[in-house]
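In UniProt numbering, the protein residues as written are 1 to 266.
Each residue gets a CB set at the ideal place from its N, CA and C atoms; glycine is no exception.
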Amino acid sequence: MEVGGFHRRRPAREAGLAGGRWRVEAVPELGDLLGAEAPGGCQPRAAPAPLTRAAAGRPAARGATRRACPGSRRARPDVLLLHGQAFTSKTWETLGTLALLAEEGYRAVAIDLPGHGDSPPSDAVATERGRVALLDHVLRELALRRPVLVSPSMSGRFAVPFLLARGARLAGFVPIAPAGTAEHPAQRYRQLQTPTLIVYGDGDAGLGPRALRRLRLLPRHRVAVLRGAGHACYVQRPRDFHSVLLAFLRQLGPRGTAVAPRPDPR
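Structure representation (structure tokens):
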């Protein structure tokens, strides 16, 4: 595979699961996904569009993507997974998250953010506006309609501004000790109605509790504290993380219609 000048896909890995078949692909050019047929009715738009940086300020062209598609589609939201500073989209494959979500009937997509994994750096994401535009572009080009956005650590600098600017485009939000929460006024959080599951490890003395101070202002939130875990709690306690993630997803209607607040730990 040639990163930057991409010409062919990395071979896909398939596995049989109780709910059907799933596929994980690493595709270093998002545009190549658009015409590719996926199993289980998990099909992006038919006509690919080049991911080029246009005068309107679109993000740069290339980015690596892994996706897992269920054998049968139920009325469930898609799931878009970002990653932390030391990780990539492959982390979600290694942890079994992509396969698990597909088995449960969710179309799951994990991307390499610019400058990580197989995605080259991009000047377009140097600003908050550019980072929001990147996620706008990802949702549009991968035909993710009101997905649940999972955002650990560093990726909060992409996900939190996107939530505040485009909350209505998300069925749900799962921040995992995200960065960048304190950079936005409290009132902006209070105005949002996006169902949110706040996750952090009880051994995280840094970003986890700092992010919680802002995120608990979201009106429709729940909090899950993973015991015996630090900052990368979802990596250290994947079973516990998967359990709380699936419980949250199951409470969401196909359009993210139902989640009740729960008292959070103080």
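Endpoints, alpha helix (DSSP H) assigned at residue i
i	result
residue 243	238-251
residue 190	186-190
residue 211	207-215
Bounding residues of the beta strand (DSSP E) (the contiguous stretch that carries residue i)
i	result
residue 76	Run containing residue 76: none; DSSP gives neither H nor E here.
residue 66	65-68
residue 201	196-201
Whether residue i touches residue j by CB criterion (8 Å)
i	j	result
residue 117	residue 232	no
residue 194	residue 160	no
residue 148	residue 172	yes
residue 196	residue 220	yes
residue 162	residue 142	no
residue 222	residue 202	no
residue 144	residue 80	yes
residue 245	residue 138	no
residue 82	residue 155	yes
residue 178	residue 152	yes
residue 198	residue 234	no
residue 98	residue 108	yes
residue 252	residue 77	yes
residue 236	residue 247	no
residue 146	residue 170	yes
residue 115	residue 121	yes
residue 88	residue 112	yes
residue 106	residue 249	yes
8 Å Cβ cutoff, residue i in contact with chain C
i	result
residue 99	No chain C is part of this structure, which consists of one protein chain only.
Residue i - partner residues in DSSP beta bridges
i	result
residue 221	196
residue 226	201
Uninterrupted beta strand (DSSP E) stretches inside the UniProt domain "AB hydrolase-1" (79-178) (no shorter than 3 residues): 79-81, 108-111, 148-152, 172-176
Any contact between the stretch 176-191 and the stretch 206-222? By contact I mean 3 or more CB pairs, one from each, below 8 Å. yes
Assess contact between the stretch 64-80 and the stretch 102-120, defined as three or more Cβ pairs (one per stretch) separated by less than 8 Å. Is contact present? yes
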